[in-house]
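Data first, discussion second: the structure below is written as structure tokens.
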Amino acid sequence: MRTFRLLAALCAAITFLTAAPARADLSVVTTVPDLAAITKAVGGDHVQVQSLALGSQDPHFVDAKPNLALALNRADLLISIGLDLEIGWLPTLQLGARNPRIQVNNPGFLNASQFPRVLEIPQGKVDRSLGDVHPGGNPHYLYDPRQAVPVAKGISERLAQLDPRNAATYRANFAKFRDELEQARAGWEKRLAALKGAPVIAYHKTTPYLADWLGFEPIAFLEPKPGIPPNPSHVASVLAQGRQRKARLVLVESYYPDTTAKLVASKIPAPVVTIHGGADFRAGETYLQHINELVERLEKGLAGQGG
Amino acid sequence: MSTVFRRPSDALIALFIVTLLSGASATAQEPATADAGVPDAGAPQEEAPAALSPEELAEIEKALGSDATQAQQNAPAGTASAPQSSPGGGGFSLPGMSTSGTNFLDLSLVLDVAAAAFTAKEPLQTGGHDPSRNGFNLQQLELSIGSVVDPYFRFDANIVFAQFGVEIEEAYGTTLALPANLQVRAGQFLTRFGRLNGTHPHAWDFVDQPFSVGRVFGGEGNRGLGTEVSWLTPLPWFVEVVGSATDASGEGTARSFLGSSGERVLSPLDLQLTGVVKQFFPLSDDLSLLWGLSAATGPNPTGYRNRTDVYGTDVYLRYRPITQASHTLVTLQAEAFYRRRQVPEDVLTDFSAYAQAAWRFSQRWATALRYELGTPARGEGGAEVVDPLDPDWTDDRHRVSAAVSFWPTEFSRLRLQAATDRAGWRESPDYSVFLALELVTGAHGAHAF
């Protein structure tokens, strides 16, 4: 009888242990939240994803906090935007992570800029007299949902390479993501058809991909050169251009100060549209939801409401 | 002792200030021009600013000021600092981060020059690259080289050119692929004792080195040929343990140990051994705390088997809002050094420390304030004694420095710094003013926290 009770207890313990929740198969760290949202969409329950930067941060200037190196230490895969967007902070984190898998040119490192069609690749000599110009091209490609598809495909292939057992799931998830995105994109383009050809002012050169997708025309930027803050004579010049060309919108990222943008907008007059720097991945926002919110803001802007 | 500025220096400094301020003003007010070589969606038609009324121009000025104020409102009392160079190398990036697949070597140059004025005939600057004389000073021209050697090692070096010489400040390899969260550095490197010792002037909020570092380790900071092992512990918060063995010689690098004496290494005890524990606590998204404990031990040349021990602790508190639009950055940083040295028939102890606050209140402007303290050496009986290393240091020394920084971009910096130095053994305080220019060119540096 005592032996039977011991056996029963042992069986119960084994059952309890084996019933523990299944762990994710891959740990993925991305530099920006949009990559994290896309990775989660493609990886589903098989990946645990973390973004090093928040959508509210300027991705050029993220603090290389030691706890981020700790996250990288445990990662199977690191995905970066590339094109020197993270050059000021990511190499330090990679070195401090002591994780050979995620060093550049290893299977655990993925530079996502190899997948989309990159705009604004400089021709001719590039130096810092042009401001903070990226020699490889403009890194803000995820503002264009058409570029998110090849990025998602590249991510799914890398996940499949690292975790062959779940390869079919990753590819199926990618197909689902692509189909949902294409379907949503048709609706977005219809809602924003009025933006085609519209003159627009922006704070920073993040808009080329958005302009390439939606067809509006950026006529001026509040930054005289990338990374150089606005100065009075330049702002006056932008305002004059905005009035002359009858700018329809003023676009500014949520991580830039907006007082100057609001003043210029009020003088043209045109609505200010705040663009979130990325999906609120930590709150569970998906890439589609993020772009949809962006479209809603632009839609309201076209209707004359700022936001 | 004369406290009157010498006329020629005044003239030189005034000329330098006018030249630099004109240059800075021109940069800040640079009108927009088409970015040559950068494709743009049609060249925008540029209208003359005269099309706007004076009231509107005034409103634009006010709005630009308001953007700065908006950032300022998020800051508690304190000051901010610029991004800092990574320990062990200013200005380097990993190959492969660049789009060019043929980029095997990352080179960058950092130039630091300063115009200085001192009231003292013999300024008490301890830093090897501090301004130290009236007039123009070339603090240093630093060449940083970085590259991945292979999947197992990367190489980093810093070569410093000064007006009268060239020195290999650091040249070392770092492992990339050791198991068990280990990493090894080997070569010549700055030890990671405390927070500031492992960094370069490019990373500093002030033009000069805290005198604590110069007093305990020397003007170049503590460094030597040797090897270092560090371990990232598998704890849920960031804890790093570092141990290193380095050459104990060097007047400018291991001053409290063998210093300038030419002692031979006969056993491992003739090396300097350094141990460090660093912990990081993300108190919130915006607030971070880094705390370090350090100890170093090594021989000194005052007698057979006489040794020196140095103990230190460092705290770094950083406030930077990341969940809203803001350029605000506030940092509080403090380090303390306790030094214990065996000398013939006595044991000397002394205490040195500094505390500083920096506040970057807009994208381009920051202020910083620093207080430094150094006590005289005391013997075993507690009485003040003459320290052979610093015979003049017979009383407390207090120094207060204030600085204002202007960044045209992240690649250039202008700083104006003033200090009052009250060394108890001098009759009156020494005053100094520095106007410093720093330029960074070449590979984009990756900044440490």
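Listed in order, the protein sequences are those of chains A and B. All the letters of the first sequence, read from the start, carry residue numbers 1 to 307 under my numbering. All the letters of the second sequence, read from the start, carry residue numbers 1001 to 1449 under my numbering. We treat Cβ as the ideally placed atom computed from N, Cα and C, and that holds for glycine.
**Request:** Name the two residues that bound the continuous beta strand (DSSP E) containing ARG1192(B).
**Result:** Looking at the DSSP string, ARG1192(B) is not in any beta strand (DSSP E), and its letter there is neither H nor E.
**Request:** Can you have a look at LEU1124(B) and say buried or exposed, based on whether 16 or more other CB atoms are within 10 angstroms of its CB?
**Result:** With 16 or more other Cβ atoms from the protein chains shown falling within 10 Å of its own Cβ, LEU1124(B) counts as buried.
**Message:** Suppose you measure from the CA of LEU1012(B) to the CA of GLY1135(B); what does that come to, to the nearest Å?
**Reply:** The pLDDT assigned to LEU1012(B) is 39, lower than 50, so where the model puts this residue is not dependable; a value taken from the coordinates is nonetheless given after this. Those two C-alpha atoms are separated by around 7 Å.
**Prompt:** Near ILE121(A), which residues of its chain fall below 6 Å by C-beta distance, leaving aside the five closest residues on each side in sequence?
**Reply:** Residues of the same chain with a CB within less than 6 Å of the CB of ILE121(A), apart from the 5 flanking positions on each side, are GLY137 in chain order.
**Request:** For chain A, find out if any of its Cβ atoms is closer than 9 Å to the Cβ of VAL1276(B); answer yes or no.
**Result:** Judged by the 9 Å Cβ criterion, VAL1276(B) is not in contact with chain A.
**Item:** GLU157(A) in three-state terms, based on DSSP
**Value:** GLU157(A) carries a helical assignment under DSSP once its states are collapsed to helix, strand and coil.
**Asked** Hey, is the segment 1279 to 1297 of chain B in contact with the segment 1236 to 1256 of chain B, meaning 3+ C-beta pairs nearer than 8 Å?
**Response** Because the criterion of three Cβ pairs below 8 Å is met, the segment 1279 to 1297 of chain B and the segment 1236 to 1256 of chain B touch.
**Prompt:** Does the beta carbon of HIS140(A) fall short of 8 Å from some heavy atom of the ligand GTP?
**Reply:** What this structure holds is no ligand at all, so the ligand GTP is not there to describe.
**Request:** Indicate whether at least one CB of chain B lies closer than 9 Å to the CB of LEU294(A).
**Result:** Chain B, which has no Cβ nearer than 9 Å to the Cβ of LEU294(A), makes this no.
**Within 9 Å, strictly: CB atoms of GLY1165(B) and ALA1157(B)** = Cβ distance not < 9 Å, so GLY1165(B) and ALA1157(B) don't count as in contact.
**Asked** What residues in the segment 1281 to 1314 of chain B have a beta carbon less than 8 Å from any beta carbon of chain A?
**Response** Per Cβ criterion, the list reads PRO1282, ASP1285, SER1288, LEU1290.
**Message:** If I measure Cβ to Cβ from ARG992(B) and keep anything under 6 Å in the same chain, skipping five residues before and after, which residues do I get?
**Reply:** Missing from the structure shown is residue 992(B); chain B here goes from 1001 to 1449 and no further.
**Request:** Using a threshold of 9 Å, state whether the C-beta atoms of LEU52(A) and LEU90(A) are closer than that.
**Result:** The answer is yes: Cβ separation under 9 Å.
**Request:** Identify every run of the alpha helix (DSSP H) within the segment 145 to 223 of chain A, keeping only runs that are complete inside it and at least 4 residues long; order them along the chain.
**Result:** 145 to 162, 167 to 191, 208 to 214, all fully within the segment 145 to 223 of chain A.
**Asked** Which word fits SER80(A), buried or exposed, when buried means at least 16 other C-beta atoms lie within 10 angstroms of its C-beta?
**Response** The C-beta of SER80(A) has 16 or more other C-beta atoms within 10 Å across all chains shown, which makes the residue buried.
**Message:** In this structure, how does DSSP classify LEU1266(B) when only helix, strand and coil are distinguished?
**Reply:** Coil at LEU1266(B), not helix or strand.
**Request:** List the residues of chain B whose Cβ lies closer than 8 Å to the Cβ of LEU239(A), in chain order.
**Result:** Those are LEU1052, GLU1056, ILE1060, listed as they occur along chain B.
**Item:** Reduced DSSP secondary structure (H/G/I, E/B, other) of SER1022(B)
**Value:** For SER1022(B), the pLDDT reaches just 34, beneath the cut-off of 50, and the residue's location in the model is therefore unreliable, although a value from the coordinates is still provided. Helix, per DSSP.
**Prompt:** Identify the residues that DSSP records as bridge partners of SER237(A): which are they?
**Reply:** None; SER237(A) has no bridge partner.
**Asked** Would GLY96(A) count as contacting chain B if we go by Cβ distances under 9 Å?
**Response** Residue contact check for GLY96(A) against chain B: a CB pair falls below 9 Å.
**Message:** Which residue wins for smallest C-alpha separation from SER1212(B), given the options PHE1449(B), THR1313(B), TRP1365(B), VAL1242(B)?
**Reply:** Nearest of PHE1449(B), THR1313(B), TRP1365(B), VAL1242(B) to SER1212(B), Cα basis: THR1313(B).
**Prompt:** Is the shortest distance between the beta-carbon of TRP188(A) and the beta-carbons of chain B less than 9 Å?
**Reply:** No, its Cβ sits nowhere closer than 9 Å to a Cβ of chain B.
**Prompt:** With a cut-off of 9 Å, does the C-beta of THR1227(B) fall near any C-beta of chain A?
**Reply:** Contacts with chain A at 9 Å (Cβ-Cβ) do not include THR1227(B).
**Request:** Check whether the segment 35 to 45 of chain A touches the segment 1205 to 1225 of chain B, counting contact only when three or more Cβ pairs, one atom from each stretch, lie closer than 8 Å.
**Result:** Too few Cβ pairs lie closer than 8 Å, so no.
**Prompt:** chain A partners of ILE1322(B), CB-CB under 7 Å?
**Reply:** Residues of chain A with a Cβ closer than 7 Å to the Cβ of ILE1322(B) are, in chain order, LEU54, SER56, GLN57.
**Item:** Span separating the alpha-carbon of ILE102(A) from that of VAL1440(B)
**Value:** Using only the alpha carbons, I get a separation of about 28 Å.
**Message:** At the 9 Å Cβ level, is PRO1049(B) part of the contact set with chain A, yes or no?
**Reply:** A caution first: PRO1049(B) carries a pLDDT of 46, below 50, which makes its placement in the model too unreliable to give a value.
**Prompt:** In three-state DSSP terms, what is LYS262(A)?
**Reply:** Reduced to three states, the DSSP call for LYS262(A) is helix.
**Anticipated Cβ contact below 8 Å, ARG1339(B) with VAL1310(B), distance rounded** = Rounded to the nearest angstrom, the Cβ distance from ARG1339(B) to VAL1310(B) is 5 Å, consistent with a contact under 8 Å.
**Prompt:** Under 7 Å Cβ-Cβ, which residues of chain A neighbour ASP1067(B)?
**Reply:** Simply PRO257, THR259, THR260.
**Request:** Let me know the secondary structure DSSP gives VAL1433(B) once reduced to three states.
**Result:** It is a strand residue.
**Message:** Do SER56(A) and ALA1325(B) have their beta-carbon atoms positioned less than 9 Å apart in this structure?
**Reply:** Cβ distance < 9 Å, so ALA1325(B) and SER56(A) count as in contact.
**Asked** Taking 9 Å as the CB-CB limit, is LEU1176(B) close to chain A?
**Response** Closer than 9 Å to some Cβ of chain A, the Cβ of LEU1176(B) qualifies, so yes.
**Stretch pair the segment 216 to 227 of chain A + the segment 179 to 188 of chain A: three plus CB contacts closer than 8 Å** = Short answer: they don't touch.
**Prompt:** Quick one: is PRO21(A) near chain B, going by C-beta distance under 9 Å?
**Reply:** Low local confidence applies: a pLDDT of 49 at PRO21(A) is under 50, so the model's placement there is unreliable, and no value is given.
**Asked** Excluding sequence positions up to five away, which residues of its chain have a Cβ less than 6 Å from the Cβ of ALA202(A)?
**Response** Taken in chain order, the residues that qualify are PRO218, PHE221, LEU251.
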